[in-house]
Amino acid sequence: MDVDHLKTINDTHGHAVGDLILTGAIEYVMQHLRPYDKIFRYGGDEFLLLLPGTGLADAEHLIERIRQGFGKVPFVVSADGHPIHATASFGLALLDPDLIVEESIDRADKAVLLAKVTGRNRACSWDPSISTGTALKWDPADDVAR
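Position one of the sequence shown corresponds to residue 5 (our numbering), numbered consecutively onward.
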């Protein structure tokens, strides 16, 4: 999971607001996970969700439900009293017992990158066709432009 446009939120409203968005995002996702599911911070605005015993179709359904609700929740109220909403992009990949964990995480990362380059606020599942990287041309500066 990657919070969309966090750099723009930080630049516009300040890092304290960005931190509140991240905190709200974690709380929102945790409310929609099962007791045995886990969420881990992976980087600045990236999180890993571990959904044990969940097949891809069920994971896609759960993530889509979370994604749809995520954008409707105002995580923070700005200084001028307006709610600040955020969206998130999700990448899904199954843990493959034949791969080291980092390779499965890399697959999920490529899927989230595909979600970002195809418009953000969506969920994409890893597929071998995206592993070449040809469709994954994304410049972080695009976050500011969009």
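Where a beta carbon is used, it is the ideal one built from N, C-alpha and C, also for glycine. It should be emphasised that the depicted structure is a prediction, and the values quoted were computed from it without experimental measurement.
1. Taking Cβ to Cβ, would you say serine 133 is nearer than 8 Å to glutamate 64?
2. Would you tell me roughly how many angstroms separate the C-alpha atoms of proline 87 and leucine 103, rounded to the nearest one?
3. Note down the Cα distance separating isoleucine 30 from aspartate 6, rounded to an integer number of angstroms.
4. Check for me: the alpha helix (DSSP H) holding leucine 117 runs from which residue to which?
5. By the three-class DSSP mapping on this structure, what secondary structure does alanine 90 have?
6. I need the DSSP call for lysine 11, collapsed to helix, strand or coil.
Taking the geometry as given:
1. no
2. 43 Å
3. 11 Å
4. 105 to 121
5. coil
6. helix
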